[in-house]
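*Asks:*
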Amino acid sequence: MPTRDEIFDSVRETLVDALGLDDDEVVPEATLMGDLGAESIDFLDIAFRLEKAFDIKIPRGELFPENIASSDSGFVKDGVFTEEGIAELRDKMPHADVDSFAADPKVEKMQDLFTVDMLVNFLEARLK
C-alpha cells in the first residue's frame, strides 16, 4: 500500500494534468472548484485518472456524491442542509471534512467539501 505522501503526490500529478495546474497550486487544503478551478465535468475526468493511477474502480457517485443537494432530496431546506442532510453527507462522504461544513451548511458551500485532502483521504481508505 502506498504511503499518504505517495498518494498525495499521485493526486497532485493527476490534478496538475487534468486541470492544467502548477505543482505548487495543489496543496491539501485547496478546494477543487474554488481554488483549483475544476468544474463538475472535470470530476469525471479526475475520477477516471485516479482509477488508472491507482488501478482501482471508483463507482459513480462514490467519490463525488450526486443529487444530495437537490431540492427534492429531502436533505435541504431553504438552501441549507438539514440535520438529516448532514448525516447523509457524513455517510456518503466519510473522507470529507463534514464537521467544518456543518458549522455553516449552505448548499452553495457544499463544493468546499471537495478538497485535495478529501481525495487523499478517500484513496487512503480505499487502498487499505
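The opening position of the sequence shown corresponds to residue 1 in full-length UniProt numbering, with each subsequent residue numbered one higher.
Note that the Cβ used here is the ideal one computed from N, Cα and C, for glycine as well.
Between Glu51 and chain C, is any beta-carbon pair separated by less than 8 angstroms?
*Replies:* The structure shown contains no chain C; it is built from a single protein chain.
*Asks:* Can you look up Lys77 in the DSSP assignment and give me helix, strand or coil?
*Replies:* Here Lys77 sits in strand by DSSP.
*Asks:* For Asn67, I'd like the list of residues in its chain whose CB is within less than 7 angstroms of its CB, leaving aside the five on either flank, ordered along the chain.
*Replies:* Result list for Asn67: Ser73, in chain order.
*Asks:* Since Met33 contacts Phe114 with CB under 8 angstroms, what's their CB separation in whole angstroms?
*Replies:* With a Cβ gap of about 6 angstroms, Met33 and Phe114 count as contacting.
*Asks:* CB Thr3 to CB Leu50, shorter than 8 angstroms?
*Replies:* Their beta carbons are not under 8 angstroms apart, which means Thr3 does not touch Leu50 by this criterion.
*Asks:* In angstroms with no decimal places, state the Cα-to-Cα distance between Glu108 and Gly79.
*Replies:* C-alpha separation (whole angstroms): 8 angstroms.
*Asks:* Nearest-angstrom Cα distance between Leu89 and Val98?
*Replies:* Leu89 and Val98: Cα-Cα distance of roughly 7 angstroms.
*Asks:* Tell me which same chain residues have a C-beta within less than 8 angstroms of the C-beta of Pro28, skipping the five on either side of it?
*Replies:* Closer than 8 angstroms at the Cβ level, and outside the excluded window around Pro28, lie Phe8, Thr115, Val116, Asp117, Val120.
*Asks:* On a Cα-Cα basis, can you pick out the residue from Pro94, Met93, Ala69 that is closest to Thr82?
*Replies:* Considering only alpha carbons, the answer is Ala69.
*Asks:* Could you pull the start and end residues of the alpha helix (DSSP H) that Ile41 belongs to?
*Replies:* Element bounds for Ile41: 40-54.
*Asks:* Can you grab the Cα-Cα spacing for the pair Gly20 / Asp42, in whole Å?
*Replies:* Spanning the two alpha carbons is a distance of roughly 11 angstroms.
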